[in-house]
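**Student:** Residue numbers (the working numbering): 37 to 325. Built from N, CA and C at the ideal position, the CB exists for glycine as well. These numbers were taken from a predicted model, which means no experiment stands behind them. Okay, here's the structure, questions in a sec.
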């Protein structure tokens with residue numbers, strides 16, 4: 037399949053006055069074109085302005101800023117992940133988590149870790165579902181459960197605190213990333229690590245094949261205050277990934293390399309003693325007649 041023309045001719049306004057755009061522009065002027073994953077990371081998670089010896093003030097990105105909103109009401113939020121459509125999604129999770137709790141011999145320290153908790157809706161619905169299941173079955177699955185959210189964004193953490201006000205003794209929110217930084221604050225847990233639409237929010241490298249050569253996407257300054265794409269030789273990280281995993285890359289078509297997903301899986305392995313991992317991405321919803 038041929039590469040879409042729109043992507044080949046990519047142009048992104050530099051947004052004069054936007055501090056993140058200025059950080060990107062300064063990095064390009066100092067070091068040359070930057071890899072696409074760096075560009076994506078700055079916009080999604082922010083960056084330090086780099087003007088001070090301590091690294092400068094952290095300028096928040098989309099997920100770490102104060103403007104991101106999630107919720108049930110169409111038109112009032114940026115987007116909705118599956119938990120925001122119906123509480124049945126969380127209740128279904130609660131049933132599955134109860135089965136896993138039983139399979140683990142009903143531990144009294146059953147820990148659910150949600151990586152990237154959105155607005156807290158999934159956590160609220162799961163805990164509500166576990167309480168219902170406990171009341172109906174007389175099994176202490178709710179009493180034995182501790183729910184922990186690992187959240188990177190301050191605004192989202194505030195939404196989670198508000199959503200989980202009724203479960204203060206059951207839910208805990210820790211500021212941490214899913215794939216990088218200091219050692220995980222959690223160790224030796226028995227339970228389940230879950231996420232909804234998480235890995236697709238990790239910054240990715242983009243590569244493409246032209247004949248026998250594979251190149252990597254970089255972002256450079258363009259004309260008229262725009263950023264533009266350049267294709268360059270592979271970075272060491274991209275080359276290492278391709279050497280290990282050898283993915284099938286179609287001719288001329290951009291292909292994402294999700295290197296942070298490796299750190300994500302390593303972090304999960306470090307924190308778990310025994311249990312399960314559930315990650316869901318873009319489930320299909322039935323169409324209404």
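Please look up how many angstroms separate the CB atoms of residue 75 and residue 304, rounded, as I've assumed it's under 8 Å.
**Tutor:** For the purposes of this step, residue 75 is taken as the residue at position 39 of the chain shown. For the purposes of this step, residue 304 is taken as the residue at position 268 of the chain shown. Residue 75 to residue 304, Cβ: 27 Å. No contact.
**Student:** Going along the chain, which residues of its own chain have a beta-carbon closer than 6 Å to the beta-carbon of residue 296, five neighbours each way excluded?
**Tutor:** For the purposes of this step, residue 296 is identified with residue 260 of the chain shown, where counting begins at 1. 215, 238.
**Student:** Could you work out which residue in 224, 184, 229, 264 is closest to residue 206 when comparing CA atoms only?
**Tutor:** Counting from one through the chain shown, the residue named residue 206 turns up at place 170. If you compare the alpha carbons of 224, 184, 229, 264 with that of residue 206, the shortest gap goes to 184.
**Student:** Taking just the CA atoms, how far does residue 258 sit from residue 139?
**Tutor:** Residue numbering aside, residue 139 sits at position 103 when the chain shown is read from its first letter. Residue numbering aside, residue 258 sits at position 222 when the chain shown is read from its first letter. Roughly 57 Å between the two C-alpha positions.
**Student:** Pull up the distance between the alpha-carbon of residue 252 and that of residue 80, whole angstroms please.
**Tutor:** On the chain shown, position 216 is the one that residue 252 refers to. On the chain shown, position 44 is the one that residue 80 refers to. When rounded, the distance between both Cα atoms is 20 Å.
**Student:** Going straight from the alpha carbon of residue 187 to that of residue 314, what length do you get?
**Tutor:** Here residue 187 refers to the residue found at position 151 when the chain shown is read from its first residue. Here residue 314 refers to the residue found at position 278 when the chain shown is read from its first residue. Taking the straight line from one Cα to the other gives about 17 Å.
**Student:** Enumerate, from N- to C-terminal direction, the unbroken alpha helix (DSSP H) stretches of 4 or more residues contained entirely within the stretch 143-218.
**Tutor:** Within the stretch 143-218, the runs of alpha helix (DSSP H) at least 4 residues long that lie entirely inside it are, in chain order, 157-173, 190-199.
**Student:** Residue range of the alpha helix (DSSP H) that residue 14 falls in?
**Tutor:** Beyond the ends of the chain as shown, which are 37 and 325, falls residue 14; an answer cannot be given.
**Student:** Does the Cβ-Cβ distance between residue 72 and residue 241 come in under 9 Å?
**Tutor:** The sequence position of residue 72 within the chain shown is 36, counting from 1. The sequence position of residue 241 within the chain shown is 205, counting from 1. Yes; because the gap between Cβ atoms is below 9 Å, this pair is in contact.
**Student:** Looking at chain D, is there any beta carbon in it that lies within less than 9 Å of the beta carbon of residue 126?
**Tutor:** Given the protein chain composition of this structure (a single chain), no chain D is represented.
**Student:** So which of 280, 262, 250 has the shortest CA-CA distance to residue 270?
**Tutor:** Indexing the chain shown from 1 puts residue 270 at position 234. If we check each option's Cα against that of residue 270, 250 comes out closest.
**Student:** Determine the burial state of residue 199: buried for a count of at least 16 other Cβ atoms within 10 Å of its Cβ, exposed for fewer.
**Tutor:** Stepping through the chain shown from its first residue, residue 199 is reached at position 163. Per the 10 Å Cβ criterion, buried.
**Student:** Which same chain residues end up closer than 6 Å to residue 77 when comparing Cβ atoms and leaving out the 5 residues on each side of it in sequence?
**Tutor:** As a working mapping, residue 77 is identified with position 41 in the chain shown. Excluding positions up to five away in sequence, the list reads 239.
**Student:** Return the Cβ separation of residue 155 and residue 196 in integer angstroms, given the expectation that the two are a contact with Cβ distance under 8 Å.
**Tutor:** Residue 155 sits at position 119 when you count from the first residue of the chain shown. Residue 196 sits at position 160 when you count from the first residue of the chain shown. Contact flag correct, Cβ pair sits at about 7 Å.
**Student:** Could you check the C-alpha separation between residue 82 and residue 172 for me, to the nearest Å?
**Tutor:** Counting from 1 along the chain shown, the entry for residue 82 is found at position 46. Counting from 1 along the chain shown, the entry for residue 172 is found at position 136. Spanning the two alpha carbons is a distance of roughly 46 Å.
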